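Each protein sequence line maps, in turn, to chains A and B. Using this note's numbering, you'd call the opening residue of the first sequence number 685 and step up by one each time. Using this note's numbering, you'd call the opening residue of the second sequence number 26 and step up by one each time. The C-beta atom is built at its ideal place from N, Cα and C for all residues, glycine as well. Computed from a predicted structure; not experimentally measured.
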Amino acid sequence: NAGVTQTPKFQVLKTGQSMTLQCAQDMNHNSMYWYRQDPGMGLRLIYYSASEGTTDKGEVPNGYNVSRLNKREFSLRLESAAPSQTSVYFCASTRIRQDTDTQYFGPGTRLTVL
Amino acid sequence: GNSVTQMEGPVTLSEEAFLTINCTYTATGYPSLFWYVQYPGEGLQLLLKATKADDKGSNKGFEATYRKETTSFHLEKGSVQVSDSAVYFCARSQGGSEKLVFGKGTKLTVNP
Numbered sequence: 685n686a687g688v689t690q691t692p693k694f695q696v697l698k699t700g701q702s703m704t705l706q707c708a709q710d711m712n713h714n715s716m717y718w719y720r721q722d723p724g725m726g727l728r729l730i731y732y733s734a735s736e737g738t739t740d741k742g743e744v745p746n747g748y749n750v751s752r753l754n755k756r757e758f759s760l761r762l763e764s765a766a767p768s769q770t771s772v773y774f775c776a777s778t779r780i781r782q783d784t785d786t787q788y789f790g791p792g793t794r795l796t797v798l
Numbered sequence: 026g027n028s029v030t031q032m033e034g035p036v037t038l039s040e041e042a043f044l045t046i047n048c049t050y051t052a053t054g055y056p057s058l059f060w061y062v063q064y065p066g067e068g069l070q071l072l073l074k075a076t077k078a079d080d081k082g083s084n085k086g087f088e089a090t091y092r093k094e095t096t097s098f099h100l101e102k103g104s105v106q107v108s109d110s111a112v113y114f115c116a117r118s119q120g121g122s123e124k125l126v127f128g129k130g131t132k133l134t135v136n137p
């Protein structure tokens, strides 16, 4: 049981390049999330998916797109990377849609945009 | 704006010292409250939680009590260890859903 996995661990992009961050969970969880973590800002929600086939914007969605490919996988795409998107990206999942539920996090992807 | 406010870091303590990290929140209704911990180079993991007023969450010697009257959820530990060095995030549930709002994090360093 690997939990939440993310690839890649590190990535360097040039401004304008595109890339997709991959996330998968093997816990049969329903909801999945993408966050970014910046110094002094805590974690901010980019997008989330309450179930397979549905996605919704979070606090900072501009410049990103997501795909909930199936129940296991939730990818985050940067179509045209900008230096402001330099950050550490975390994927997370929860089993059920209740406010008492625990979020399980992946190890993160450290992205640098030059 | 951010509706979870936690004390600014960094916090540096000696081993066996007492730890308090303050956290207050604003919300309508009664959210669930959480403390997550992030060890160096890792993702966040749940440390403890409380889902209703006056509940006390506890784990690994850490405790926090859900105080409705002061809208607070302060994290405490009686005797910290070097292995407790990490960043601690306070969070609350959002709008009765499983989404979370996080504080900015407090970095704790414990020296031997």
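* Asked: By the 10 Å Cβ neighbour count, where 16 or more other Cβ atoms means buried, how is T738(A) classified, buried or exposed?
  -> Residue mapping note: residue 738(A) aligns to position 54 of the first sequence, counting from 1. Taking all protein chains shown into account, T738(A) has fewer than 16 neighbouring C-beta atoms within 10 Å of its C-beta and is therefore exposed.
* Asked: Given that a residue counts as buried once 16 or more other Cβ atoms are within 10 Å of its Cβ, and exposed if not, what is V107(B)?
  -> Against the second sequence, residue 107(B) aligns to sequence position 82. Exposed: under 16 other Cβ atoms inside 10 Å.
* Asked: Considering only the beta carbon of each residue, do Q67(B) and E88(B) sit closer than 8 Å?
  -> The residue you call residue 67(B) lines up with position 42 of the second sequence. The residue you call residue 88(B) lines up with position 63 of the second sequence. For clarity, residue 67(B) is Glu in the given sequence; the question names Gln instead. The answer is no: Cβ separation not under 8 Å.
* Looking only at its own chain, which residues have a Cβ that is under 6 Å from the Cβ of V750(A), when we skip the five neighbours before and after it? -> Translated into positions along the first sequence, residue 750(A) becomes position 66. Result list for V750(A): Y731, T739, L760, in chain order.
* Confirm, please, whether the CB-CB distance from Q690(A) to L125(B) is below 8 Å. => For this step, residue 125(B) is matched to residue 100 along the second sequence. For this step, residue 690(A) is matched to residue 6 along the first sequence. It is not a contact, given that the beta carbons lie outside the stated cut-off.
* Less than 8 Å separating the beta-carbons of L38(B) and V105(B)? -> On the second sequence, position 13 is the one that residue 38(B) refers to. On the second sequence, position 80 is the one that residue 105(B) refers to. Result yes, Cβ atoms of L38(B) and V105(B) sit closer than 8 Å.
* With DSSP as the reference, label S39(B) as helix, strand or coil. => Numbered from 1 along the second sequence, position 14 holds the residue referred to as residue 39(B). Of the three classes helix, strand and coil, the one that applies to S39(B) here is strand, per DSSP.
* To do: Kindly identify the DSSP beta-bridge partner or partners of F774(A).
  => Within the first sequence, residue 774(A) is the residue found at index 90, counting from 1. In DSSP, F774(A) forms a bridge with Y719(A).
* To do: For the beta strand (DSSP E) holding T111(B), just list the boundary residues, first then last.
  => Position 86 of the second sequence, counted from the first residue, corresponds to residue 111(B). At residue 111(B) the sequence reads Ala, which differs from the Thr that was named. Element bounds for A111(B): 111-118.
* Give me the Cα-Cα distance between T63(B) and F114(B), rounded to the nearest whole angstrom. => Counted from its first residue, the second sequence places residue 63(B) at position 38. Counted from its first residue, the second sequence places residue 114(B) at position 89. First, the amino acid is wrong: residue 63(B) is Gln here, not Thr. Rounded to whole angstroms, Q63(B) to F114(B) spans 8 Å at the Cα level.
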